[in-house]
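Trainee: First the structure, which I've put down as structure tokens, then a few questions once you've had a look.
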Amino acid sequence: MQRNLEQRSNMAIKFVPNMRCGQLKVNDKTMGFKVQDLPCIVETYKTQDKTNIYKVADISQIINCNSTPEIPDLGTVIEGDKNDPEVAESIAKREKLLRYPHGITAPMKNARKRRFRKTKKMKYTDAPQVEQELKRLLRLDLEAVSIRWEVIDVDKKGPKTSENDTSVTSGGNEDAPETL
3 MQRNLEQRSN MAIKFVPNMR CGQLKVNDKT MGFKVQDLPC IVETYKTQDK TNIYKVADIS
63 QIINCNSTPE IPDLGTVIEG DKNDPEVAES IAKREKLLRY PHGITAPMKN ARKRRFRKTK
123 KMKYTDAPQV EQELKRLLRL DLEAVSIRWE VIDVDKKGPK TSENDTSVTS GGNEDAPETL
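Be aware that the sequence shown starts at 3, since it is given in our numbering, and climbs by one per residue.
Here it is as structure tokens:
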């Protein structure tokens with residue numbers, strides 16, 4: 003019991019303000035470390051009687067230590083608007099440094115590259131163009147002289163149609179089921 007207390011007192015952790023890197027001191031050896039995100043969540047279990055297991059925690063981060071005592075440099079994040087290309091590039095570069103490419107076990111080596119697909123970047127259309135197109139379509143709809151709709155019944159041979167000159171109607175024959 004006393005030996006465990008001595009071992010505990012020989013370890014110290016010192017984080018820097020960003021809480022993602024710091025120094026770890028074990029006995030007389032000081033090591034720099036950074037906290038990295040694992041590619042997937044690892045569940046940990048514990049047993050007391052070698053038959054029943056109990057879930058203890060979900061692990062999503064790992065402390066990666068260096069042999070040198072220097073604190074790893076994660077780069078400086080430029081403050082400002084996230085839509086600014088320089089700021090976005092700085093944030094992406096820092097996040098890439100904080101992602102661990104491998105899992106904990108051997109089959110998960112290079113898991114980020116091999117198992118997860120890259121996300122597509124969304125194309126943003128200009129809001130004024132979308133708004134103009136919507137207004138144009140609504141104007142054309144109001145100017146329509148006649149509107150035609152039909153209900154197609156799969157069981158019967160011919161479609162039922164209706165013509166309406168002034169207003170839009172929905173529905174149709176109440177007995178026939180509607181299918182689109």
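Using N, Cα and C, we set each Cβ at its ideal position, and we do this for glycine too.
1) Give me, in chain order, the residues of the same chain whose beta-carbon lies closer than 6 angstroms to that of Leu182; leave out the 5 immediate sequence neighbours on both sides.
2) Quick one, which of Lys122, Lys137 and Lys123 has its alpha-carbon nearest His129's?
3) What are the residues that DSSP puts in a beta bridge with Arg101?
4) Looking at the unbroken alpha helix (DSSP H) that takes in Val132, where does it start and where does it end?
5) Would you kindly work out how many angstroms separate the C-alpha atoms of Thr43 and Ile64, rounded to a whole number?
6) Does the distance from the C-beta atom of Asp60 to that of Thr46 stay below 9 angstroms?
7) Helix, strand or coil for Lys120 per DSSP?
8) Would you call the CB atoms of Cys23 and Ile93 closer than 9 angstroms?
9) Could you check what DSSP says for Glu72 in three-state terms: helix, strand or coil?
10) Cutting at 6 angstroms between CB atoms, please list the residues of its own chain near Arg101, excluding the five before and the five after it.
11) Between Ile15 and Arg114, what straight-line distance do the alpha-carbon atoms span, to the nearest angstrom?
12) Have a look at the DSSP bridge pairing and note the partners of Gln63.
Mentor: Reading from the atomic positions:
1) Taking the sequence shown and counting its residues from 1, the one referred to as residue 182 is at position 180. Note that Leu182 has pLDDT 43, beneath the 50 cutoff, so the model's placement of it is unreliable and the number below is only indicative. Apart from sequence neighbours up to five positions away, no residue of its chain approaches Leu182 with a beta-carbon distance below 6 angstroms.
2) As a position in the sequence shown, residue 129 is number 127, starting the count at 1. A small correction: the amino acid at residue 129 is Ala; His does not occupy that position in the sequence shown. The candidate whose alpha carbon is nearest that of Ala129 is Lys137.
3) One-based indexing of the sequence shown puts residue 101 at position 99. According to DSSP, Arg101 bridges with Asp39.
4) To locate residue 132, count along the sequence shown from 1; it is residue 130. Where Val132 is concerned, the enclosing alpha helix (DSSP H) stretches over Ala129 to Leu144.
5) Translated into positions along the sequence shown, residue 43 becomes position 41. Translated into positions along the sequence shown, residue 64 becomes position 62. The sequence given here has Ile at residue 43, not Thr. Each residue's alpha carbon lies about 11 angstroms from the other.
6) Here residue 60 corresponds to residue number 58 of the sequence shown, with the count starting at 1. Here residue 46 corresponds to residue number 44 of the sequence shown, with the count starting at 1. Yes.
7) Numbered from its first residue, the sequence shown carries residue 120 at position 118. Secondary structure at Lys120: coil, using DSSP grouped into helix, strand and coil.
8) What you label residue 23 is simply residue 21 of the sequence shown in a count that begins at 1. What you label residue 93 is simply residue 91 of the sequence shown in a count that begins at 1. Between Cys23 and Ile93, the CB-CB gap reaches or exceeds 9 angstroms.
9) As a working note, residue 72 is residue 70 in the sequence shown. Reduced to three states, the DSSP call for Glu72 is coil.
10) The residue given as residue 101 occupies position 99 in the sequence shown. Closer than 6 angstroms at Cβ, skipping near neighbours: Asp39.
11) Taking the first residue of the sequence shown as position 1, residue 15 is located at position 13. Taking the first residue of the sequence shown as position 1, residue 114 is located at position 112. Their backbone Cα atoms lie some 29 angstroms apart in a straight line.
12) As a first step, residue 63 is located in the sequence shown; it is residue number 61 there, counting from the start. For Gln63, which the question treats as bridged, DSSP gives the partners Asp39.
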